[in-house]
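In my numbering, the protein residues as written are 11 to 332. What follows is a single structure, written as structure tokens, with notes after it.
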């Protein structure tokens, strides 16, 4: 009897241990505002999805499939959605955010709000559910636009080639550039009973709160010579830099936590995130340690790379988590 009881307890213990170590995957599909970026060591551009892993504990894995320049249409026609669909497992989540490129007029990407855009979003939702995954719909993040007429910023990918210059401003409040494309994700979410996160409102409030000049700090705004890889500088109101992407990722993680209780306990706000792949605000643990203020408790999440605290950190109150 005692042996049988011992065996049962061992099985229960193994089950609990296995369950506690099980990770949940959040897939992201979308465009350049969320996408991973190449050459992060020299390129300061980041998508918010690239930084999202640093907003969760180790029990949540972020798999970012957002790609520069894609719309809901081209993401399907290029086979990108099919590859995500095949990876989905019960219990996974799919964050769906399009709009920036669905607005474009070329036939490869253009969709109509209330028509093909809604149809594509509905397909993502329906097929995610077929795999017993949970879809989360977001509308597009705001473009930083304080000008009441078009200033050419709608072609997001071309912004990487623009030079730094003083911008045209004739409004002290942000001017919307997305129109009806913001309504489709909300409408589909209501029709299909899906979690909806108003990413446009969240980022609007962030940028408006920082003001005309302050909000430049979120984006790829660099003067000539400020970044070696961008010698002519850049004036880009769409794409985020490290600071902006990390800030937006944190706000969207909080919004996910509010709407999805199962993920709420896994959301974290670390003081610093270390990643050699550019998924944090430091590339090495030593850089984060050097930045940590003396006398203040600092929590550093290391996504990849060295986790051993060097002797130089003993004078600071630092906790490192993997």
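Glycine included, C-beta positions come from ideal geometry on N, C-alpha and C.
List the endpoints of the continuous alpha helix (DSSP H) containing residue 128.
Translated into the one-based positions of the chain shown, residue 128 becomes position 118. Segment 126-140, the alpha helix (DSSP H) holding residue 128.
Cβ neighbours of residue 172 in the same chain (closer than 8 Å, five flanking residues each side left out)
Taking the first residue of the chain shown as 1, we reach residue 172 at position 162. 244, 245 and 246.
Looking only at its own chain, which residues have a Cβ that is under 6 Å from the Cβ of residue 84, when we skip the five neighbours before and after it?
Within the chain shown, residue 84 is the residue found at index 74, counting from 1. The answer, listed in chain order, is 118 and 119.
Take residue 241 and list the residues in its own chain whose beta-carbon comes closer than 7 Å to its own, dropping the five residues that flank it on each side.
Locating residue 241 in the chain shown gives position 231, counting from the first residue. Only 234 and 235 meet the Cβ criterion.
Backbone secondary structure at residue 206 - three-state DSSP:
As a working note, residue 206 is residue 196 in the chain shown. Correct three-state label for residue 206: strand.
With residue 57 as the anchor, note down where its alpha helix (DSSP H) starts and where it stops.
Here residue 57 corresponds to residue number 47 of the chain shown, with the count starting at 1. Under the DSSP assignment, residue 57 falls outside any alpha helix (DSSP H); it carries neither an H nor an E label.
Cut-off 7 Å between Cβ atoms - residues of its own chain near residue 339, not counting five sequence neighbours on either side
It is not possible to answer for residue 339, since the shown part of the chain is limited to 11 through 332.
Evaluate the contact criterion for the segment 297-312 versus the segment 274-287: three or more CB pairs, one atom per stretch, below 8 Å.
Per the Cβ contact rule, the segment 297-312 is in contact with the segment 274-287 (3 or more Cβ pairs under 8 Å).
Applying the criterion that 16 or more other CB atoms from any shown protein chain within 10 Å of the CB defines a buried residue, is residue 105 buried or exposed?
Locating residue 105 in the chain shown gives position 95, where the first residue counts as 1. Residue 105 should be labelled buried.
Going by alpha carbons, who is nearest to residue 188 out of 165, 222 and 178?
Taking the first residue of the chain shown as 1, we reach residue 188 at position 178. Nearest in C-alpha terms to residue 188, of all of 165, 222 and 178, is 165.
Which of the three DSSP states is assigned to residue 173 in this structure?
Working through the chain shown from its first residue, we reach residue 173 at position 163. Three-state result, residue 173: coil.
Since residue 252 contacts residue 263 with CB under 8 Å, what's their CB separation in whole angstroms?
Start at 1 with the first residue of the chain shown, and residue 252 comes out as number 242. Start at 1 with the first residue of the chain shown, and residue 263 comes out as number 253. The beta-carbon separation of residue 252 and residue 263, rounded to 16 Å, does not stay under the 8 Å limit for a contact.
Return the chain-ordered list of same chain residues with a C-beta closer than 8 Å to the C-beta of residue 170, the five sequence neighbours on each side being excluded.
For the purposes of this step, residue 170 is taken as residue 160 along the chain shown, with counting starting at 1. Cβ-Cβ distances below 8 Å link residue 170 to 55, 230, 244, 246 and 249 in the same chain, with the five nearest sequence neighbours on each side left out; the list follows chain order.
If we ignore side chains and look at the alpha-carbon of each, how far apart do residue 6 and residue 302 end up?
Nothing in the structure corresponds to residue 6, since the chain is present only between 11 and 332.
Look up residue 253 in the DSSP assignment and say whether it is helix, strand or coil.
The residue labelled residue 253 in the question sits at position 243 within the chain shown. Three-state DSSP puts residue 253 in a helix.
Would residue 239 be called buried (16 or more neighbouring beta carbons within 10 Å of its own) or exposed?
Mapped onto the chain shown, residue 239 falls at position 229. Exposed, since its Cβ has fewer than 16 Cβ neighbours within 10 Å.
Sequence-distant residues of its chain with Cβ nearer than 6 Å to residue 296 (five each side left out):
One-based indexing of the chain shown puts residue 296 at position 286. Annotation for residue 296: no residue places its beta carbon closer than 6 Å to its own, counting only its chain and skipping 5 residues before and after.
For residue 179, which three-state DSSP category applies?
As a working mapping, residue 179 is identified with position 169 in the chain shown. DSSP places residue 179 in coil when its eight states are reduced to three.
Within the same chain, show all residues whose beta-carbon is closer than 7 Å to that of residue 208, passing over the 5 residues directly before and after it, in chain order.
On the chain shown, position 198 is the one that residue 208 refers to. Its chain contains 149 as the residues whose beta carbon lies nearer than 7 Å to that of residue 208, once the 5 sequence neighbours on both sides are disregarded; these appear in chain order.
Quick test of the definition: if touching needs 3 or more C-beta pairs under 8 Å, does the segment 35-48 touch the segment 69-86?
With the cut-off at 8 Å, the segment 35-48 and the segment 69-86 touch.
Between residue 324 and residue 317, what straight-line distance do the alpha-carbon atoms span, to the nearest angstrom?
If you number the chain shown from 1, residue 324 lands on position 314. If you number the chain shown from 1, residue 317 lands on position 307. Residue 324 and residue 317: Cα-Cα distance of roughly 14 Å.
Spatial distance of residue 132 from residue 96 (CA atoms):
If you number the chain shown from 1, residue 132 lands on position 122. If you number the chain shown from 1, residue 96 lands on position 86. Computed Cα separation, rounded: 18 Å.
Between residue 193 and residue 210, which are expected to be in contact by the criterion C-beta below 8 Å, what is the C-beta distance as a whole number of angstroms?
For the purposes of this step, residue 193 is identified with residue 183 of the chain shown, where counting begins at 1. For the purposes of this step, residue 210 is identified with residue 200 of the chain shown, where counting begins at 1. That belief does not hold up - the Cβ atoms of residue 193 and residue 210 are roughly 10 Å apart, past 8 Å.
Considering only their Cβ atoms, is the gap separating residue 108 from residue 73 smaller than 8 Å?
Taking the first residue of the chain shown as 1, we reach residue 73 at position 63. Taking the first residue of the chain shown as 1, we reach residue 108 at position 98. Not closer than 8 Å, so no.
In or out: residue 179 buried (at least 16 other Cβ within 10 Å) or exposed?
Counting from one through the chain shown, the residue named residue 179 turns up at place 169. Exposed.
Does residue 49 pass the burial test, meaning 16 or more other C-beta atoms within 10 Å, or should it be called exposed?
Walking along the chain shown from the start, residue 49 turns up at place 39. Residue 49 is exposed by the Cβ-count criterion.
Please report how far the alpha carbon of residue 141 lies from the alpha carbon of residue 177, in whole angstroms.
Looking up residue 141 in the chain shown gives position 131. Looking up residue 177 in the chain shown gives position 167. One Cα belongs to residue 141, the other to residue 177, and the distance between them is close to 47 Å.
Counted within 10 angstroms of its Cβ, other Cβ atoms place residue 33 as buried (16 or more) or exposed
Stepping through the chain shown from its first residue, residue 33 is reached at position 23. It is exposed - the Cβ of residue 33 has fewer than 16 other Cβ atoms within 10 Å.
Under 8 Å by Cβ, that's how I've got residue 204 and residue 147 pegged, so tell me the actual separation to the nearest angstrom.
Residue mapping note: residue 204 aligns to position 194 of the chain shown, counting from 1. Residue mapping note: residue 147 aligns to position 137 of the chain shown, counting from 1. The pair is a contact, with the Cβ atoms about 5 Å apart (cut-off 8 Å).
Closer than 7 Å by C-beta to residue 213: which residues in its own chain qualify, once you throw out the five before and the five after it? Chain order, please.
Looking up residue 213 in the chain shown gives position 203. If we look at residue 213 and ignore the five residues flanking it on each side, its Cβ neighbours are 151, 152 and 258.
Unbroken beta strand (DSSP E) run spanning residue 107, endpoints
As a working note, residue 107 is residue 97 in the chain shown. Counting along the chain, the unbroken beta strand (DSSP E) around residue 107 starts and ends at 103-107.
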